[in-house]
Amino acid sequence: MAVGKRGIARALQKVLGQGDNVKASNPLEVHDPKVGSLISYEGTTTADGAGDGSTLIDSVLATKPDYDGNLVIITSGAYAGQARDINGVTTGGTVSPHIAFGGQILRGTTFVIAAIRLTPSYPAHP
């Protein structure tokens, strides 16, 4: 049985956010070490992203591996709880979500990158 992105995202919310969007009144909580192991990176934005919500900026990402295809989850600020697939290379310090966040991600916003890929990957053909 195929499970769509929305179904997977809902299941993830139930594990990570008690069945609701992660926000100040419902923080991201990791009760199981297996769930915590899904977090590849925790960061704080170092500059304001694009005004339309199409990027978030963290200069520390330039020192980390590429997280393209993983899931970025905003954990503070006006758009806390919004999660998006990462659509592009992150090693330059910029995260581009596949769909823009609800608005500009400001400097000082916390976020996590989870090692969860909701887009299908296809093996290379020989």
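Counting from 2, one number per residue, gives the positions in the sequence shown under the numbering used here.
Beta carbons: idealized from backbone N, C-alpha and C, even for Gly.
Q. Nearest CA to the CA of Asp69: which residue from Gly78, Gln83, Gly52 and Thr92?
A. Minimum Cα distance to Asp69 is reached at Thr92.
Q: Take Lys65 as the anchor and find which of Gly44, Ser55, Arg85 and Gly52 has the nearest alpha-carbon.
A: Lys65 has its Cα closest to that of Gly44, out of Gly44, Ser55, Arg85 and Gly52.
Q: With a 10 Å radius around its C-beta and 16 neighbouring C-beta atoms as the bar for buried, classify Ile114 as buried or exposed.
A: Label assigned to Ile114: buried.
Q: Can you say whether Ser77 is buried or exposed, counting buried as having 16 or more other CB atoms within 10 angstroms of its CB?
A: The residue in question, Ser77, is buried, as its Cβ has 16 or more Cβ neighbours within 10 Å.
Q. Which partner residues of Phe112 appear in the DSSP bridge assignment?
A. The partner list for Phe112 (beta bridge, DSSP) reads Gly44 and Ile75.
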